[in-house]
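Protein sequences appear in the order of chains A and B. Taking the working numbering, the leading residue of the first sequence gets 9, the next gets one more, and so forth. Taking the working numbering, the leading residue of the second sequence gets 464, the next gets one more, and so forth. Virtual Cβ for every residue (Gly too), placed ideally from N, Cα, C. The model shown is predicted, which means the values in this text are computed figures rather than measured ones. Structure first, commentary second.
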Amino acid sequence: MSMIAMNFRGPFRVRADRKPYPEIKHPGDAIVRVTRSCICGSDLHLYHGLVPDTRVGMTFGHEFIGVVEEVGADVKKLKVGDKVLVPFNVACGTCNFCNQKLYGNCHESNSQSTAVGGIFGYSHTAGGYDGGQAEYVRVPYADVSPEVIPDWMDPDDAVMLTDVFPTGYQAAEMGGIRKGDTVVVFGAGPVGIMAARCAWLFGAARVIIIDHYEYRLEFARKFAFCEAYNFLSLSDPVVFLKKETGWYGADVCIDAVGCEAAGSALQTLTGRKMLLQAGSATALHWAINSVKKGGIVSIVGVYGPTGNLVPIGNVVNKGITIRANQASVKRMLPRLIEHVKNGVISPKEMITHRIPLEEVAEGYHLFSRKLDGIIKPVLIPSTARA
Amino acid sequence: MENLESKFAHIPGWGIDANPENDPTYPMKEWNGDDHKRLNYERPPQQPVDIEVLHSNERPTVSAVFGTSTPPSGLSGMIRRQAFKYGEGSWGHWLPLILADRINVWEGMIDDLLHGHFPNVVKERGWKAEWEHNRKGMLTNAAIAAAATAAVTAFFVIRSRTKHSK
Numbered sequence: 009m010s011m012i013a014m015n016f017r018g019p020f021r022v023r024a025d026r027k028p029y030p031e032i033k034h035p036g037d038a039i040v041r042v043t044r045s046c047i048c049g050s051d052l053h054l055y056h057g058l059v060p061d062t063r064v065g066m067t068f069g070h071e072f073i074g075v076v077e078e079v080g081a082d083v084k085k086l087k088v089g090d091k092v093l094v095p096f097n098v099a100c101g102t103c104n105f106c107n108q109k110l111y112g113n114c115h116e117s118n119s120q121s122t123a124v125g126g127i128f129g130y131s132h133t134a135g136g137y138d139g140g141q142a143e144y145v146r147v148p149y150a151d152v153s154p155e156v157i158p159d160w161m162d163p164d165d166a167v168m169l170t171d172v173f174p175t176g177y178q179a180a181e182m183g184g185i186r187k188g189d190t191v192v193v194f195g196a197g198p199v200g201i202m203a204a205r206c207a208w209l210f211g212a213a214r215v216i217i218i219d220h221y222e223y224r225l226e227f228a229r230k231f232a233f234c235e236a237y238n239f240l241s242l243s244d245p246v247v248f249l250k251k252e253t254g255w256y257g258a259d260v261c262i263d264a265v266g267c268e269a270a271g272s273a274l275q276t277l278t279g280r281k282m283l284l285q286a287g288s289a290t291a292l293h294w295a296i297n298s299v300k301k302g303g304i305v306s307i308v309g310v311y312g313p314t315g316n317l318v319p320i321g322n323v324v325n326k327g328i329t330i331r332a333n334q335a336s337v338k339r340m341l342p343r344l345i346e347h348v349k350n351g352v353i354s355p356k357e358m359i360t361h362r363i364p365l366e367e368v369a370e371g372y373h374l375f376s377r378k379l380d381g382i383i384k385p386v387l388i389p390s391t392a393r394a
Numbered sequence: 464m465e466n467l468e469s470k471f472a473h474i475p476g477w478g479i480d481a482n483p484e485n486d487p488t489y490p491m492k493e494w495n496g497d498d499h500k501r502l503n504y505e506r507p508p509q510q511p512v513d514i515e516v517l518h519s520n521e522r523p524t525v526s527a528v529f530g531t532s533t534p535p536s537g538l539s540g541m542i543r544r545q546a547f548k549y550g551e552g553s554w555g556h557w558l559p560l561i562l563a564d565r566i567n568v569w570e571g572m573i574d575d576l577l578h579g580h581f582p583n584v585v586k587e588r589g590w591k592a593e594w595e596h597n598r599k600g601m602l603t604n605a606a607i608a609a610a611a612t613a614a615v616t617a618f619f620v621i622r623s624r625t626k627h628s629k
C-alpha cells in the first residue's frame, strides 16, 4: 500500500512521490490521514540545506491536522475517526522534561540529539520522523500531544494551532512582557507576525516589527496592529530603534528569524553561504543590541547547531535575560483554543495560499522566493476530502 | 500611568494574559522538584530497534521512540556514523554531517537513475511558480546567465586562437 508524500531530494529540490504507507511501530503510535499541512518558515531552512542531517528521501511537515485511521495497542485516548490537531513536538509525556511541561524538550523522542526533542519531518537532528506533508503520517505517543479538534473549530484555525500560533505566543510569553512595555519583533514571517499580535495579549503598549519584505510588513500592520519598518530603508536598525525608544532600548526584543537572517554581509557569508556558523545571527545581534539594559530577549528563530558569532559581551554588559525554546505546544493549547473560541484571534487569517500536495515543489518555491504575496501556505492532499 | 485599557480597546484581548508571575529569570516555570531523579522516570516501552539508528554520544541509549524515515546508507551513511562518535557541540560532529548531506544528494540522483527515474530538476525546483509569478525576473536572469556564458566562451575561444597563431 502506498501514498503520495513530499520527498526531499536535496537543497531547493523536492517532489511529490509515491511512498510506502506508514506503519504502527510502537504500541503508542497512531496513523493519521492528513487533511491539512502547512509549509513552515522553518521548513525553508531544511529546504535550503542549512540543517545538518537532513537526508534525501525524507518527508517534511510538522504542522498538520487529520483524521485518526489506525491506533496502536496502548492508545487509550484517541480512537479511529477522531479529527485531531497534532502539535509539532513528538513528546512522551513521562520524562522529566515533559513532566515540567517542556514538551519541546522531550528526552524520549530523539536519539540523534539531546539538545532538541523530536519534531515531525524536521531532519534526523530532530529525530528522523517523516512529517505530515503526505497523505498519511505516523504519530508516536498519540495519547500525549494530539488534541481532538472541537466541533466548532474551523480546520484552518486548527492547523495554525500546531505550531505558528503557539510559537508566536510563546515568543511573547518568554519576553515576560509587562503592561506598558515596548516590544520589538525581528522577522515578519508567520511566527513573527503572530508574536507581534500576541504581544498585545500580554499588555504591550507598543509593538514594532522589522523585516525587509514590504508586503509582509503591510500584512503585519493589518493583522498585528503594529508599527512595521523595512530595515533596508534604515542605515542602522539598532540606532533607529534606540531613537524610537527615547534612546533607551526596547523592553523586550523577539528574534523570530533564526538562521537565515539577511542584513549583514559578514553573517550572510559565514552563516548562510559557507555554513561556518549555525546560520547568520544578524537578527539576534539586532535583538541583543536593541533591547534596553536589563531587558529580555526572546528567541524562537531556528538556528542550526552549533557555533554562532553572537555578541555575548553585550549580553553580559547590558544584563540581558535571554529566553529561548521550541514551543511546548501542548502546554499552551487549552488557553489558545479558548482565545480562538472567544474571537480574540483568528489565526486562519494568515493563510494566503492553498496548494495541492502534488504541487509541493511549486509551493516551496513560492514560499522560498516570497512570490505572489505569500504569507502562509497550506498543502491539501487529495485524500483530505475522502 | 495612562489608561492603557481604553487606549487599546480596539485590539482584541489586549492584556488578557498579563501575568506578573511570569518571571523570565526562571525558564522552568513548571518546575516540579523532581529533576534530581533525572533518568529514573518510568520510560515508555522501547520501540523495536530493527533499523540502524544513530544516537548521540551524550545519551546512553536510543530514545524509547524514534523516527524511521531514512536510515544511514552508502558513503554518506559511513560519514554520518563517524560524525556520531563526536559530541553534539563538536565541529567533528556537525561539519561531517553537512558534508554527508551534500554527498547524499548525489546518492539520491544515482538511486533515481538506478530505479529508472530521470530527475526532473525543473519540476523539482518548482520553477513553474517562478514562471507564473516572476516571469520578467526569470527571463532577465536567464538572459544574464546566457550573456555571461557567451562572454566566458568567447574569452576562451579567443585565447585559444591567439595561442595557436603564435
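### Query
Taking only runs of the alpha helix (DSSP H) that begin and end inside the segment 253 to 310 of chain A, which ones reach a length of at least 4 residues, in chain order?
290 to 298
### Message
Within 9 angstroms of any Cβ in chain B, is that where the Cβ of ASN118(A) sits?
### Response
yes
### Task
Measure the Cβ-Cβ separation of VAL42(A) and THR391(A) and say whether it is below 9 angstroms.
yes
### Task
Identify every residue that forms a DSSP beta bridge with HIS473(B).
None; HIS473(B) has no bridge partner.
### Task
Please compile the residues from chain B whose C-beta is within a distance smaller than 8 angstroms of the C-beta of PHE173(A).
The premise fails here: PHE173(A) is roughly 13 angstroms from chain B at the closest Cβ pair, so nothing lies under 8 angstroms.
### Query
Taking Cβ to Cβ, would you say ASN238(A) is nearer than 9 angstroms to ILE262(A)?
no
### Task
Verify the CB distance criterion: does GLY321(A) have a CB-CB separation below 9 angstroms to chain B?
no
### Message
Can you look up ARG501(B) in the DSSP assignment and give me helix, strand or coil?
### Response
Secondary structure of ARG501(B) (DSSP, three-state): helix.
### Opening and closing residue of the alpha helix (DSSP H) in which TYR398(A) lies
Here chain A has residues from 9 to 394 only, and residue 398(A) is not among them.
#### Entry: Rounded separation between ALA258(A) and TYR130(A) - CA only
33 angstroms
### Query
Any idea if PRO445(A) is buried or exposed, counting beta-carbon neighbours within 10 angstroms, 16 or more meaning buried?
Summary: the structure shown does not reach residue 445(A), with chain A confined to residues 9 through 394, and so no result is reported for it.
### Query
At a CB-CB cut-off below 7 angstroms, which residues of chain B make contact with GLY351(A)?
PRO475
### Query
Cβ of SER45(A) less than 9 angstroms from any chain B Cβ?
no
### Minimum length 3: unbroken beta strand (DSSP E) runs contained in the segment 121 to 180 of chain A
144 to 147
### Own chain partners of ARG331(A) with C-beta closer than 8 angstroms, once the 5 adjacent residues on each side are dropped
MET182, GLY183, GLY184, ILE304, VAL305, SER306, ILE307
### Query
Looking at the C-beta of TRP208(A), does it have a partner C-beta in chain B at a distance below 9 angstroms?
At least one chain B Cβ lies under 9 angstroms of TRP208(A).
### Message
As an exercise, report each continuous beta strand (DSSP E) stretch of at least 3 residues that is fully enclosed by the segment 303 to 388 of chain A, in chain order.
### Response
329 to 332, 359 to 364, 384 to 388
### Query
For ALA24(A), is the classification buried or exposed, using 16 other Cβ atoms within 10 angstroms of its Cβ as the cut-off for buried?
buried
### Message
In this structure, how does DSSP classify ARG565(B) when only helix, strand and coil are distinguished?
### Response
helix
### Query
For the alpha helix (DSSP H) that contains SER50(A), what are its first and last residues?
Per DSSP, the continuous alpha helix (DSSP H) segment holding SER50(A) begins and ends at 49 to 55.
### Query
Along chain A, in chain order, which residues have C-beta atoms closer than 7 angstroms to that of GLU587(B)?
ARG17, ARG21, VAL22, ARG23, ALA369
### Query
Counting along the chain, where does the beta strand (DSSP E) carrying SER45(A) start and finish?
38 to 46
### Contact set for THR102(A): own chain, Cβ-Cβ below 8 angstroms, skip 5 residues either direction
Here the set comprises GLU116.
### Task
Check distances from the C-beta atoms of the segment 294 to 305 of chain A to those of chain B and list, in chain order, the residues that come in under 8 angstroms.
Listed in sequence order: ILE304.
### Query
How long is the line joining the alpha carbons of VAL512(B) and CYS106(A), rounded to whole angstroms?
23 angstroms
### Message
So, under 8 angstroms CB-CB, VAL246(A) and ALA212(A) are touching, yes? Tell me the CB distance rounded to an integer number of Å.
### Response
Not a contact, Cβ separation roughly 20 angstroms.
### Partner residues on chain A for HIS518(B), Cβ-Cβ distance less than 7 angstroms
SER119, GLN120
### Message
For chain A, check one thing: does any of its Cβ atoms lie closer than 9 angstroms to the Cβ of PHE581(B)?
### Response
Not one chain A Cβ lies under 9 angstroms of PHE581(B).
### Bridge-paired residues (DSSP) for VAL97(A)
According to the sequence provided, residue 97(A) is Asn. The question's Val does not apply to it. ILE127(A), per the DSSP bridge assignment.
### Query
In terms of DSSP beta bridges, what is LYS27(A) paired with?
MET11(A)
#### Entry: CA-to-CA distance, ARG543(B) to VAL337(A), given in whole angstroms
31 angstroms
### 8 angstroms Cβ cut-off: residues of chain A touching ILE561(B)
PRO60, LEU283
### Task
Answer with yes or no whether the minimum CB distance from LYS384(A) to chain B is below 9 angstroms.
Cβ-Cβ to chain B under 9 angstroms: no for LYS384(A).
### Query
Does DSSP put ARG588(B) in a helix, in a strand, or in coil?
coil
#### Entry: Residue-chain proximity (ARG565(B), chain A), Cβ-Cβ < 9 angstroms
Chain A contact via Cβ: present.
### Message
Quick check on ARG393(A): buried or exposed, where buried means 16 or more other Cβ atoms within 10 Å of its Cβ?
### Response
Under this definition ARG393(A) is an exposed residue.
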